[in-house]
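Inspection log for the structure reproduced underneath, given as structure tokens.
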Amino acid sequence: MYFNIHSGSCAPAERDLPSLATILSQAMSAAMPSIRVGDPVPDFDLPLTGGRRLRLSDLRRKKVVLYFYPKDHTPGCTQESQDFRDLAKDFEKHAAVIIGVSRDSLGSHERFKETQCLPFDLLSDADETLCQAYGVMKEKNMYGKKVFGIERSTFLIDGEGVLRREWRKVKVAGHAAEVLEALKTLTH
82 MYFNIHSGSC APAERDLPSL ATILSQAMSA AMPSIRVGDP VPDFDLPLTG
132 GRRLRLSDLR RKKVVLYFYP KDHTPGCTQE SQDFRDLAKD FEKHAAVIIG
182 VSRDSLGSHE RFKETQCLPF DLLSDADETL CQAYGVMKEK NMYGKKVFGI
232 ERSTFLIDGE GVLRREWRKV KVAGHAAEVL EALKTLTH
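Following our numbering, the numbering of the sequence shown begins with 82 at its first residue and continues without gaps.
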């Protein structure tokens, strides 16, 4: 919020200028456009639970469900992860690998994976490289404050490394089942 210094008052100026988070989000979106459906997805090399690193190219010939979520151990993220967990065997039947992504540390991911009995791995994107590539960093309102964070999003990548479906601003209820149904329609 900006104040009108010429009026001699501490009252807010009549119009608010965009927040820094909005300006940064717009600048980053322009500098790094997100991947579009039908595009080959870029490779990455990021730390994975279990003390390993994952390169997307290592998963060629497998379908990949890449779901971005804001934070480990929070209600919505926990429910979403549990929903993917509960359908994990169905995803496996269709040659798909589920990977959760957030900015949390590997230590936090390890605890989250263990407490929720997740049969799939989680990627730590602490420097937001992957988040930026997929365009999931957004300005959000949390308890009346503007914050910059991950917008819950899921991407379905075919066995040839092409983005086939995307879901943005995900509502958790029924989402994992919807992704599974979309997976069943993929031919590659």
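We put the beta carbon where it would ideally sit given N, CA and C, even for glycine.
These figures come from a predicted structure and were not determined experimentally.
- Comparing alpha carbon positions, the residue from 167, 176, 211 closest to residue 136 is 211.
- According to the DSSP secondary-structure assignment, residue 153 is paired through a beta bridge with no residue.
- Cβ neighbours of residue 116 within its own chain (closer than 7 Å, five residues either side excluded): 122, 214, 215, 244.
- Within a 10 Å sphere around the beta-carbon of residue 167 sit fewer than 16 other beta-carbons, which makes this residue exposed.
- DSSP places residue 125 in the coil class of the three-state scheme, outside both helix and strand.
- About 7 Å separates the CB atoms of residue 186 and residue 207; that is less than 8 Å, so the two are in contact.
- Distance from the CA atom of residue 170 to the CA atom of residue 229, rounded to whole angstroms, is 34 Å.
- The three-state secondary structure of residue 174, taken from DSSP, is helix.
- Taking C-beta separations shorter than 8 Å and ignoring five residues to either side along the sequence, the partners of residue 222 in its chain run 228, following chain order.
- In this structure, residue 183 and residue 153 form a Cβ contact; the two beta carbons are roughly 6 Å apart against a cut-off of 8 Å.
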